[in-house]
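Note sheet for the following structure.
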Amino acid sequence: MNKYLAKIIANDQEGLQMISACSSGAKVKVADIKYLSFNKVFLLSIERTPIESGQDRKKINSICRFDFVDKVRSKNIDQSKKDLVLELIAIDYLKNNDDYEINLIFNNNSHIVLTTETIEVRLEDQNEIM
Numbered sequence: 207m208n209k210y211l212a213k214i215i216a217n218d219q220e221g222l223q224m225i226s227a228c229s230s231g232a233k234v235k236v237a238d239i240k241y242l243s244f245n246k247v248f249l250l251s252i253e254r255t256p257i258e259s260g261q262d263r264k265k266i267n268s269i270c271r272f273d274f275v276d277k278v279r280s281k282n283i284d285q286s287k288k289d290l291v292l293e294l295i296a297i298d299y300l301k302n303n304d305d306y307e308i309n310l311i312f313n314n315n316s317h318i319v320l321t322t323e324t325i326e327v328r329l330e331d332q333n334e335i336m
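In our numbering, the protein residues as written are 207 to 336.
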């Protein structure tokens, strides 16, 4: 059995679009969204269906990691509801003077904006969900 676990590293618009496409439709629990301000790392633990392998496969637990994150803002996400599950629709970004604003767009008009000095994102599969 070939276990295909992806690891995608993005540091430009093209790479970010690839990660966005791979994570589109992924489920994220509010409890699995973490910002480690001391390390400037933003982590998202997602449950996604791997589209890049071209097969109809089980879901995969993946970690989406954003580095060099200076600031995080969220809108329409109740952080006290740890079991609330959001659906990640897309990831995009804007260049804002010297910074980038990476937008994580969820269902129900919820989103998280990450202010970063550079695009450094990795999507790393952890394991298949049985």
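C-beta: ideal position from N, C-alpha, C; glycine also.
Around the Cβ of L300, a 10 Å sphere holds fewer than 16 other Cβ atoms; the residue is exposed. Within a 10 Å sphere around the beta-carbon of T322 sit 16 or more other beta-carbons, which makes this residue buried.
As the crow flies, the alpha-carbon of D305 is around 7 Å from that of T324. Residue state for E220 is assigned as helix, using DSSP reduced to three classes. Note on geometry: alpha-carbon atoms of A227 and N314 lie some 19 Å from one another. Burial state of F312 is buried, judged by a 10 Å Cβ sphere holding 16 or more other Cβ atoms. With fewer than 16 neighbouring CB atoms inside 10 Å of its own CB, A237 falls in the exposed class.
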